[in-house]
Amino acid sequence: MRLVVFTALCGMLAAPGTIHPVIGFTAILCITLAAGGAGALNQWWEADIDAKMKRTARRPLPLAKMRREDARDFGILLSGTSVVIMGLAVNWLSAAVLAFSIFFYVVIYTMWLKPSTPQNIVIGGAAGAFPPLIGWIAVTNEITAMPLLLFAIIFMWTPPHFWALALWVKIDYAEAGIPMMPVARGERTTRRQILAYSALLLPLSVTPWVIGGTGAAYGLSAIALSAAFLALSVPVGLRTSGDGDTMRVEKRLFAYSIIYLFALFGALVADRVIFA
């Protein structure tokens, strides 16, 4: 949720043009409400699965702290309200993309891809890549190459970020019957794909600078941050875990991947606001 709000705000601040502070706040509020609504609908749909996993077993629905129907209704209310307010207060293009992002996360990812294919997080990662695109559209009311690149960066970042986590909680996914990559294809395949996506992320993250959409402050930051990401991915990609493995390098990559996205999008805003 923090990354969703932060990257949406960065997309808004990095976009050309200006937006009234009240309208900008409203757009971020709508994106936040939509993310919360989609999360509630995800937990409504997966309550039985969440109950089987240590990481999610203490969520409100597995603990029976609220009725599943109430969670569903709450999610629908938040989601619907966010789209309507976005359309009325900001613009309808951003509202349409917001609505599609909710649909993509809840229906395409949660209901369809997640339980059916080990490529779930690859395709479903698009759901988490929409916020900077929506933030940009809130300002410009158009879709151009730059916001699509921001979308693509998060899309490419998601698999190594999530699979680093999945490697050390794979038993949870196996017991819940979710075909995450380490469960369905094994550790070796997962580790190789983490390395491959991390390698592709480096040139992709620099592309906004290459096409002239940003300045050198962002470009050099992207090179340094993505090179560090790749360096941390190498031991993850090349090693094999054993019994009682603490998964130290996988946890380190997962922790850095979060810092990476905050830092990369922070550099994008700094480049636009400070160094422009």
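Residue numbering for the sequence shown follows my numbering, beginning at 1 and increasing consecutively.
Glycine included, C-beta positions come from ideal geometry on N, C-alpha and C.
Can you look up residue i in the DSSP assignment and give me helix, strand or coil?
i	result
Ala166	helix
Ala15	coil
Ile274	coil
Ile178	coil
Gly186	coil
His20	coil
Met156	helix
Could you check if residue i is buried or exposed, using at least 16 other CB atoms within 10 Å of its CB as the buried criterion?
i	result
Ile259	exposed
Thr158	buried
His161	buried
Asn42	buried
Trp92	exposed
Asp243	exposed
Arg272	buried
Thr214	buried
Arg191	buried
Ala138	buried
Lys114	buried
Asp172	buried
Glu250	buried
Phe275	exposed
Pro208	buried
Pro131	buried
Ala231	exposed
Within its chain, find whatever has a CB closer than 6 Å to the CB of residue i; leave out the 5 residues flanking it on each side and keep chain order.
i	result
Ile194	Pro160, Trp163, Ser233, Val236, Gly237
Leu268	Cys10, Ala14, Tyr218
Asp50	Thr56, Arg59, Pro62
Ile19	Val139
Met168	Reading off the sequence shown, one finds Trp at residue 168, where the question assumed Met. The residues are Met247, Glu250.
Return the residue from the list the options that minimises the CA-CA distance to residue i.
i	options	result
Ala359	Phe151, Gly128, Glu46	Here the chain covers residues 1 to 276 and nothing more, so residue 359 does not appear.
Ser101	Pro118, Thr189, Val4, Arg68	Val4
Gly24	Trp112, Tyr256, Met86	Met86
Could you name the residues of the same chain whose beta carbon sits closer than 7 Å to that of residue i, not counting the 5 residues immediately before and after it, in chain order?
i	result
Thr140	Ala15, Pro16, Gly17
Arg72	Leu41, Trp44
Please go through the stretch 210-260 and give each complete alpha helix (DSSP H) segment of 4 or more residues, from N-terminal end onward. 216-238
What are the uninterrupted segments assigned as beta strand (DSSP E) that are 3 or more residues long and contained completely in the stretch 91-152, given in chain order? none
List in chain order: all unbroken alpha helix (DSSP H) runs of 4+ residues lying wholly within the stretch 49-92. 68-89
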